[in-house]
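Q: The sequence shown runs 8 to 448 under the working numbering.
The beta-carbon is built from N, C-alpha and C at its ideal position, and this holds for glycine as well.
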Amino acid sequence: MSTQIIRPARTLQGSLTVPGDKSISHRYAMLAGLAEGTTRLSNFSTGADPHSSLACMQALGATVVKTGSGPAATIEVTGVAGVFRQPSIPLDCGNSGSTMRMLSGLIAPHPHTFTLIGDHSLTLRPMERIRKPLSEMGARLDLVDGHAPITIHGGPLRAIDFTTPIPSAQVKTAVLFAGLQAEGVTSLSEAIRTRDHSEHALKAFGAKLTRSSARGEGHETKLSIAGGQKLKAIDATVPGDISSAAFFLSAALLFPDSNLVLDSLGMNPTRAALLDVITALGGRIKVLSVEELHGELIGSIQVNRAPSAASTQPFVISGALTAQVIDELPVLAAIAPYTANGLIIRDAQELRIKESDRIAIVAKNLRAMGAELTENPDGLEIPGNQQLHGAKIDSGADHRIAMAFSIAALRASGETEIEGAQAAAISFPEFFTSLEALAKR
Ligand code: S3P
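1. Are there 16 or more other CB atoms within 10 angstroms of the CB of lysine 179, so buried, or fewer, so exposed?
2. Using alpha carbons as the reference points, say which of Thr70, Asn275 and His204 lies closest to methionine 109.
3. Out of Ala411, Val192 and Gln320, which has the shortest C-alpha to C-alpha gap to methionine 390?
4. With respect to the alpha helix (DSSP H) encompassing proline 57, which residues constitute its N-terminal and C-terminal limits?
5. Could you tell me which whole alpha helix (DSSP H) segments of length 4 or greater appear in the region 279-310?
6. What's the C-alpha gap between serine 103 and glycine 191?
7. In the DSSP assignment, find the unbroken alpha helix (DSSP H) run with serine 231 in it and report its ends.
8. Can you check which of these residues, Thr85, Gly273, Gly290 and Leu350, is closest to valine 297 by C-alpha distance?
9. Please list, in chain order, all residues of the same chain as asparagine 50 whose beta carbon is under 8 Å from its beta carbon, the five residues on each side excluded.
10. Report all residues from its chain with a CB closer than 8 Å to the CB of serine 142; omit the five preceding and five following residues, and keep chain order.
11. With DSSP collapsed to three states, give me the class of lysine 179.
12. Check glycine 186 in the structure and name its three-state DSSP category.
13. Candidates Ser325, Ile305 and Ile292: which alpha carbon is nearest alanine 313's?
14. My parser needs the alpha helix (DSSP H) runs of 4 or more residues fully inside the region 121-203; what are they?
15. In chain order, which beta strand (DSSP E) runs of at least 3 residues are fully inside the region 336-414?
16. On the criterion of 16 or more Cβ atoms from any shown chain inside 10 Å, does methionine 134 qualify as buried, or is it exposed?
17. Between the Cα of glycine 403 and those of Ser219, Ala367 and Pro436, spot the shortest distance and give me the residue it belongs to.
18. Under 8 Å, do leucine 387 and isoleucine 352 count as touching if we go by C-beta distance?
19. So, for alanine 252: in the same chain, excluding its five sequence neighbours on each side, which residues have a beta-carbon less than 7 Å away from its beta-carbon?
20. In angstroms with no decimal places, state the Cα-to-Cα distance between histidine 301 and threonine 158.
21. Among Pro344, Met64 and Ser30, whose alpha-carbon lies nearest the alpha-carbon of threonine 46?
22. Looking only at C-alpha atoms, which of Thr201, Leu183, Ala189 and Glu299 sits nearest to leucine 195?
23. Using the C-alpha atoms, what's the distance from leucine 209 back to proline 97?
24. Compare the Cα-Cα distances from arginine 136 to each of Pro174, His207, Met410 and Leu164 and report the closest residue.
25. Within 10 Å of its beta-carbon, does isoleucine 168 have 16 or more other beta-carbons around it, so buried, or fewer, so exposed?
26. Can you tell me the Cα-Cα spacing of glutamine 393 and glycine 289, whole angstroms?
27. Evaluate the contact criterion for the region 417-434 versus the region 31-39: three or more CB pairs, one atom per stretch, below 8 Å.
28. When you compare only the Cα positions, how much space is there between leucine 295 and serine 307?
29. In the DSSP output, which residue or residues are listed as bridge partners for glutamate 422?
30. Does the Cβ of lysine 29 have 16 or more other Cβ atoms within 10 Å, making it buried, or fewer, making it exposed?
31. Taking arginine 34 as part of the alpha helix (DSSP H), name the residues at either end of that continuous run.
32. Return the chain-ordered list of same chain residues with a C-beta closer than 7 Å to the C-beta of glutamine 93, the five sequence neighbours on each side being excluded.
33. Select from Ser363, Ile12, Ile241 and Gly235 the residue whose C-alpha is nearest the C-alpha of aspartate 334.
34. Spell out the partners DSSP gives phenylalanine 322 in its beta bridges.
35. Measuring CA to CA, which of Phe435, Ala428 and Pro436 is closest to methionine 8?
36. What do you reckon, is the C-beta of alanine 176 under 7 Å from a heavy atom of the ligand S3P?
Pasting the structure below:
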């Protein structure tokens, strides 16, 4: 286990291009693996998680070739043209819930027996949420007490009309990926709209998909996808990961003279609510450029701290907004004590079943740094205007916790020790190098 020492900083300045989006990288890897032809992906995520997806695609018969290194690397995936082979090894999803859940939908229509395994943290995460729709479609999934390892007895599936009981883009994706290969038209409704990268990725690979929004109760979104569609390889660039950028956007709030430029950043509207939260917490954001690639928005932004706070009340993240910034909540909570008015997070019970119990571990680490706060079953209430001190931080082997508290450490008095700092490599292996380049001391 590696420990990283973070010293306080004077300010944060410079420019950065974050690695490719983790969510989009998973989807491109999986759809490229199923498609016909060779897909060329640039700026693919450097995180370990999307590489778990690539390794699974190889085990299923796709060919993966990496050329070049660093930001210039290209991943070439030659797909199986719709026919996965029986893997000779278990599909190892590592730490990645996205891989395990979305891949289950992708492979369930194939007439093989698949075993999906993961690390300790992934084995604790709920999988019943994908078993339900996929078994309604006709696949058999054996779980161990609701958890991995998962055995999937795949075969021809029939379309269903499914309403997601919890806002989850992973569950939505599992159903869409299975629906793409089922018999009939699969429909999926979600009351709270989650990230729509799968919808854009499916279209980019040539699938037809329709979306209708029902006004009124819950503003439900309904997606429909016909089965039996074939995918064709694409050339694509993955936009920078806004959830990785979130660490530096949050750090920019900590210093009056901060100045940060982020290039080639993914700004998909179902992810970009984070920018509104950063503004509400005292940031000033200027969009310098924006364009569209395969349905995804990508742009450059400049961020600094506004001269005065926008409000005198704590900012509340609840309801649909909670789902939209779910991955960014740990870092927003970690810097909340330094904001003028604090932060209240509600409706975030899903945070307790991520790579760690993120509500409990954020509360524990903030308290170790001397913060006052209230922990609730579904969130946190963190008063603003607090000064923290350096402490020993437990990452809980969770990448977002290791990085969130490295940011909180920049404004603490004294040094902070991040135990289990290597977890950052799950989504952002370059994090500590980028932090050292931007933090001025
Ligand atoms: C993801 C969806 C979210 C998010 C996860 C990535 C995705 O999970 O927390 O990091 O790529 O679809 P849920 O689907 O469980 O909400």
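A: This is what the structure holds:
1. As a first step, residue 179 is located in the sequence shown; it is residue number 172 there, counting from the start. So lysine 179 counts as buried.
2. Taking the sequence shown and counting its residues from 1, the one referred to as residue 109 is at position 102. Comparing Cα-Cα distances from methionine 109 to each of Thr70, Asn275 and His204, the minimum goes to His204.
3. The residue you call residue 390 lines up with position 383 of the sequence shown. Going by the sequence as given, residue 390 is proline instead of methionine. Nearest C-alpha to proline 390: Gln320.
4. Here residue 57 refers to the residue found at position 50 of the sequence shown. Per DSSP, proline 57 belongs to the alpha helix (DSSP H) from 55-66.
5. 280-287
6. Counted from its first residue, the sequence shown places residue 103 at position 96. Counted from its first residue, the sequence shown places residue 191 at position 184. Spanning the two alpha carbons is a distance of roughly 30 Å.
7. Here residue 231 refers to the residue found at position 224 of the sequence shown. Serine 231 -> not in any alpha helix (DSSP H); beta strand (DSSP E) instead, spanning 228-233.
8. Looking up residue 297 in the sequence shown gives position 290. For valine 297, the nearest C-alpha among the options comes from Gly273.
9. Here residue 50 refers to the residue found at position 43 of the sequence shown. Here the set comprises Pro26, Gly27, Pro78, Thr244, Val245, Pro246, Gly247 and Ser271.
10. Counting from one through the sequence shown, the residue named residue 142 turns up at place 135. Taken in chain order, the residues that qualify are Leu148.
11. Reading the sequence shown from its first residue, position 172 is the one you call residue 179. Helix, per DSSP.
12. Stepping through the sequence shown from its first residue, residue 186 is reached at position 179. Three-state DSSP puts glycine 186 in a helix.
13. As a working note, residue 313 is residue 306 in the sequence shown. The shortest Cα separation from alanine 313 among Ser325, Ile305 and Ile292 belongs to Ile292.
14. 127-130, 135-143 and 176-186
15. 350-352, 381-383, 386-389 and 399-401
16. Here residue 134 is taken as the residue at index 127 of the sequence shown, counted from 1. With 16 or more other Cβ atoms within 10 Å, it is buried.
17. Residue mapping note: residue 403 aligns to position 396 of the sequence shown, counting from 1. It is Ala367 whose Cα lies nearest to the Cα of glycine 403.
18. Start at 1 with the first residue of the sequence shown, and residue 387 comes out as number 380. Start at 1 with the first residue of the sequence shown, and residue 352 comes out as number 345. Yes. Within cutoff.
19. For the purposes of this step, residue 252 is taken as the residue at position 245 of the sequence shown. Taken in chain order, the residues that qualify are Val25, Leu269 and Leu272.
20. Residue 301 sits at position 294 when you count from the first residue of the sequence shown. Residue 158 sits at position 151 when you count from the first residue of the sequence shown. Their Cα atoms are separated by approximately 34 Å.
21. By 1-based counting over the sequence shown, the position of residue 46 is 39. Of Pro344, Met64 and Ser30, the residue nearest in Cα terms is Met64.
22. As a position in the sequence shown, residue 195 is number 188, starting the count at 1. Comparing Cα-Cα distances from leucine 195 to each of Thr201, Leu183, Ala189 and Glu299, the minimum goes to Leu183.
23. Stepping through the sequence shown from its first residue, residue 97 is reached at position 90. Stepping through the sequence shown from its first residue, residue 209 is reached at position 202. Straight-line Cα distance between these residues: approximately 26 Å.
24. Start at 1 with the first residue of the sequence shown, and residue 136 comes out as number 129. Selected option, being the one with the closest Cα: Pro174.
25. For the purposes of this step, residue 168 is taken as the residue at position 161 of the sequence shown. At residue 168 the sequence reads aspartate, which differs from the isoleucine that was named. It is exposed - the Cβ of aspartate 168 has fewer than 16 other Cβ atoms within 10 Å.
26. The sequence position of residue 393 within the sequence shown is 386, counting from 1. The sequence position of residue 289 within the sequence shown is 282, counting from 1. Each residue's Cα considered, the two are about 15 Å apart.
27. no
28. Your numbering for residue 295 matches position 288 in the sequence shown. Your numbering for residue 307 matches position 300 in the sequence shown. Taking the straight line from one Cα to the other gives about 5 Å.
29. The count along the sequence shown starts at 1 and reaches residue 422 at position 415. The partner list for glutamate 422 (beta bridge, DSSP) is empty, contrary to what the question assumes.
30. The residue labelled residue 29 in the question sits at position 22 within the sequence shown. Buried.
31. Here residue 34 refers to the residue found at position 27 when the sequence shown is read from its first residue. Element bounds for arginine 34: 29-41.
32. Here residue 93 refers to the residue found at position 86 of the sequence shown. Here the set comprises His119.
33. Residue numbering aside, residue 334 sits at position 327 when the sequence shown is read from its first letter. The candidate whose alpha carbon is nearest that of aspartate 334 is Ser363.
34. Residue numbering aside, residue 322 sits at position 315 when the sequence shown is read from its first letter. Beta-bridge pairing links phenylalanine 322 to Leu350.
35. Taking the first residue of the sequence shown as position 1, residue 8 is located at position 1. Taking only the C-alpha atoms, the option nearest methionine 8 is Ala428.
36. For the purposes of this step, residue 176 is taken as residue 169 along the sequence shown, with counting starting at 1. Under cutoff, so the answer is yes.
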